[in-house]
Structures are given as C-alpha cells and as structure tokens.
Ligand SMILES: [Zn+2]
C-alpha cells in the first residue's frame with residue numbers, strides 16, 4: 001500500500017473540515033503531542049467515527065470494531081509490545097501467509113514494513129480506534145525476551161549451515177535490532193527485530209544456544225555493532241600441509257590450541273594475542289597473515305598459491321529466481337556447492353575469484 005495522503009488532507013478533500021480548522025488543529029497537535037485526528041476530535045471539529053469512516057474508505061480496508069474481537073494473547077506476544085504500543089498496532093489474526101493487524105494509522109508504512117520483514121509474512125490492515133488498540137495492548141509487558149533472541153539466533157545459524165556465510169553483524173539501534181550476514185562477497189540483510197536489545201542480552205542468548213564465536217564490538221552514541229564469527233564445533237582439521245582458507249559456515253574448530261587477535265566467547269581452545277605465537281594456529285580475519293599455521297577467512301584473499309587447503313562452500317547466483325530470493329535458495333538469492341576434496345586449490349581459487357571479484 002502506498003502512502004497516499006495524511007488524514008488532514010483527506011478530510012479537506014472530503015470537505016469535512018476547513019483549512020482554518022486544520023491549521024488550528026495542527027497547532028493544537030503540536031502543543032499537546034496528540035495525533036492530528038485526535039486533535040481534531042478534541043477541538044470538536046469532527047467526530048472520531050467520521051474520521052474512521054474516511055480512513056477506511058480511503059485505504060480500501062475493512063473497518064472493524066475491536067470490541068467484537070477476541071484478543072489473541074499468544075499472537076500479540078510474538079511481537080515487541082513497545083513497538084506495538086508506540087505505533088498503536090494490534091495483531092489480531094495470523095494464518096500461514098499473512099498477519100492481520102488493527103491500526104489507527106493505515107499510512108504507517110515504515111512500521112508495517114518492519115512487521116513484514118520480522119515475520120516474513122504479508123501484513124493485512126484493518127482500521128480501528130487508537131484508544132481501543134491502546135486498551136487492548138495495555139496488559140502486555142514490553143521489551144525483547146531472551147526467547148525471541150534465541151529463536152532469532154537459531155534461525156541465523158541454521159540458515160548459515162552449508163553456505164559460504166561466516167560472519168553476522170547485529171546492529172542495535174533505538175528502533176530495533178538489524179541483522180546482516182556476510183560471506184564470500186555477499187551481504188544479506190537477514191532480518192530485523194522491532195525490539196531494542198542490549199549486547200549483554202545477545203551474548204546471553206548466544207551462550208544459551210551454545211554458539212562459540214570470535215567477536216568485535218563497537219559501541220556508538222546511537223547504539224552498537226556486535227560482529228561475530230561463529231565457530232563450528234563438529235569439525236576437527238589439522239593443517240599439516242599449510243594454511244587453511246575457510247569460507248563455510250563458521251570457522252573450523254581446531255584439534256589443538258589456537259589464537260586470534262579478536263575477542264572470543266565460548267570455547268576454551270582459544271586465547272587472544274595481538275602477535276603471532278609460535279607453535280599455535282592463528283585465526284586471521286582481516287587479511288592473509290602469512291603465518292605458517294594459519295586459518296584465514298576467504299573474502300580478503302586475492303592471491304593464489306598451491307600450498308593452501310580450502311574448506312567451505314562456493315556460492316552461485318540462484319538460477320531459479322535470478323538471485324532475487326526464492327524457496328529453493330532459502331531466500332538468499334544464492335545456492336552453495338561444497339568444495340570437493342579433490343578440487344585443486346588453483347581450480348578452487350579461480351572459482352572464488354570469479355565470485356568475489358568477477359574475474360578468472
Ligand atoms: Zn532462488
């Protein structure tokens with residue numbers, strides 16, 4: 001649905017208010033912090049049900065009176081109540097493909113887009129009274145739950161499995177948590193939660209989901225960027241013949257002690273050092289380290305040499321959807337093929353270069 005007109009313009013167009021009344025209401029709205037419709041009602045310019053009628057006609061959505069509806073507690077609890085309350089949105093019905101929400105502002109497209117992205121479903125609107133929506137939402141607590149974060153993390157990790165993604169960025173802002181996934185030159189805007197959350201909550205959820213990871217944390221005045229590189233726990237390799245380049249989900253857990261110049265959480269097989277330490281494996285994230293027993297991530301490699309072992313998955317644009325995202329590619333736009341043991345590293349690197357840098 002496109003944003004068409006605001007309520008003031010609509011009421012003018014329907015000749016239900018005058019320009020002078022609108023201007024007066026705009027001043028009153030500014031002073032009181034009310035919504036424009038409420039200001040008009042308060043000033044006695046128009047009745048609430050007239051506004052509702054116009055709104056429902058304009059956006060061509062059915063109009064329901066919330067009194068007639070059962071509130072679905074379980075459905076409401078799937079959302080961040082703060083966000084619902086702020087936007088006066090009440091989820092009332094969910095089916096396989098869509099969620100129906102009641103709103104007093106059918107032009108609040110930003111909010112509906114967040115819900116759409118968060119739930120992965122279409123959002124249908126019905127228009128109702130703001131006050132009734134507030135009443136319906138008032139018994140619900142606010143804030144993100146650990147449960148919501150754990151569910152989100154489980155989704156991320158299972159999505160990353162058998163792909164070339166290896167890095168997750170959690171970007172925490174006032175209006176929610178944004179999650180991006182990286183790997184092999186691909187960046188995916190994976191999901192966003194409408195809830196605010198803290199780094200500590202994320203760390204707790206990762207711990208509860210048994211995810212080991214290297215991480216970097218940047219906190220700014222506006223929020224945080226918490227960047228993690230998960231480590232797989234089910235693979236043990238020993239790079240006897242030289243550096244290993246990883247591109248698959250998570251970095252590979254080593255058989256022996258390893259170190260990195262990044263912070264980490266979870267496994268006790270790792271320690272932190274700013275400098276290479278002789279005799280230990282080294283995890284490198286920024287660039288090829290040149291250290292003899294090293295494990296690197298692939299995105300920063302541009303040179304090819306015979307002595308590398310390459311583990312992971314090579315992405316190709318999904319042929320079914322032309323990289324737009326479909327069910328076949330898990331909505332990532334890419335499909336992934338595992339690098340075969342007997343692929344020569346030259347062959348592998350040519351493929352990598354093709355994907356990463358568009359060259360052979
Ligand atoms: Zn596809």
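In this note's numbering, the protein residues as written are 1 to 360.
Backbone N, C-alpha and C define an ideal beta-carbon position, used for all residues, glycine too.
heavy atom of ligand 1 below 7 Å from residue i C-beta
i, result
"residue 366", "Because residue 366 is not part of the residues shown, which for the chain are 1 to 360, the question remains open."
"residue 120", "no"
"residue 320", "yes"
"residue 223", "no"
"residue 326", "yes"
"residue 329", "yes"
"residue 279", "no"
"residue 266", "no"
"residue 8", "no"
"residue 333", "yes"
Rounded C-alpha distance that separates residue i from residue j
i, j, result
"residue 222", "residue 175", "10 Å"
"residue 229", "residue 213", "5 Å"
"residue 347", "residue 340", "11 Å"
"residue 219", "residue 149", "19 Å"
"residue 124", "residue 101", "6 Å"
"residue 361", "residue 190", "Because the chain in this structure spans residues 1 to 360, residue 361 falls outside the shown range and cannot be described."
"residue 248", "residue 349", "14 Å"
"residue 117", "residue 331", "12 Å"
"residue 244", "residue 110", "44 Å"
"residue 158", "residue 74", "25 Å"
"residue 14", "residue 50", "11 Å"
"residue 128", "residue 138", "16 Å"
"residue 31", "residue 46", "19 Å"
"residue 205", "residue 39", "43 Å"
"residue 357", "residue 105", "46 Å"
"residue 76", "residue 140", "8 Å"
"residue 203", "residue 264", "11 Å"
"residue 267", "residue 252", "12 Å"
"residue 103", "residue 135", "13 Å"
"residue 173", "residue 224", "7 Å"
"residue 96", "residue 317", "28 Å"
Which listed residue (the options) has its alpha carbon closest to that of residue i
i, options, result
"residue 319", "312, 333, 337", "333"
"residue 130", "52, 262, 167, 293", "52"
"residue 133", "85, 114, 150", "85"
"residue 250", "182, 232, 117, 257", "232"
"residue 78", "94, 87, 88", "94"
"residue 185", "331, 271, 314", "314"
"residue 351", "298, 323, 324", "298"
"residue 170", "196, 106, 226", "226"
"residue 90", "181, 321, 312, 71", "71"
"residue 269", "119, 275, 255, 277", "255"
"residue 197", "158, 151, 162, 146", "146"
"residue 257", "156, 224, 294", "294"
"residue 166", "209, 206, 246", "246"
"residue 369", "335, 345, 10", "It is not possible to answer for residue 369, since the shown part of the chain is limited to 1 through 360."
"residue 162", "312, 321, 322", "312"
"residue 181", "156, 173, 201, 321", "156"
"residue 309", "126, 345, 200, 201", "345"
"residue 210", "151, 187, 278", "151"
Close Cβ partners of residue i (< 7 Å) along its chain, the five nearest in sequence each way excluded
i, result
"residue 12", "19, 22"
"residue 87", "108, 111"
"residue 119", "99"
"residue 192", "114, 117, 118, 176, 177, 178, 179"
"residue 441", "Not covered by the structure: residue 441. The range shown for the chain is 1 to 360."
"residue 33", "none"
"residue 92", "69, 72, 100, 101, 102"
Contact set for residue i: own chain, Cβ-Cβ below 8 Å, skip 5 residues either direction
i, result
"residue 36", "6, 7, 8, 25, 26, 29"
"residue 262", "214, 215, 216, 229, 272, 283, 285"
"residue 360", "Low local confidence applies: a pLDDT of 49 at residue 360 is under 50, so the model's placement there is unreliable, with the coordinate-based value given in what follows. Only 350, 353, 354 meet the Cβ criterion."
"residue 98", "121, 122, 123, 124"
"residue 54", "7, 10, 11, 14, 16"
"residue 274", "261"
"residue 207", "265, 266"
Distance cut-off 7 Å: residue i Cβ against heavy atoms of ligand 3
i, result
"residue 248", "Ligands present in the displayed structure are limited to ligand 1, and ligand 3 is not among them."
In DSSP terms, what residue i is bridged to
i, result
"residue 361", "As shown, the chain starts at 1 and ends at 360. That puts residue 361 outside it, with no answer to give."
"residue 218", "225"
"residue 297", "246"
"residue 101", "91, 125"
"residue 276", "Note: residue 276 sits in no beta bridge, so no partner."
"residue 188", "181"
"residue 260", "272, 283"
"residue 314", "337"
Own chain residues within Cβ distance below 6 Å of residue i, not counting five before or after
i, result
"residue 271", "259"
"residue 160", "249"
"residue 41", "48"
"residue 291", "276, 282"
"residue 325", "331, 333"
"residue 195", "80, 144"
"residue 199", "224, 226"
"residue 2", "At residue 2 the pLDDT is 38, less than 50, meaning the model places this residue with poor confidence and gives no usable figure here."
"residue 323", "317, 333"
"residue 338", "313"
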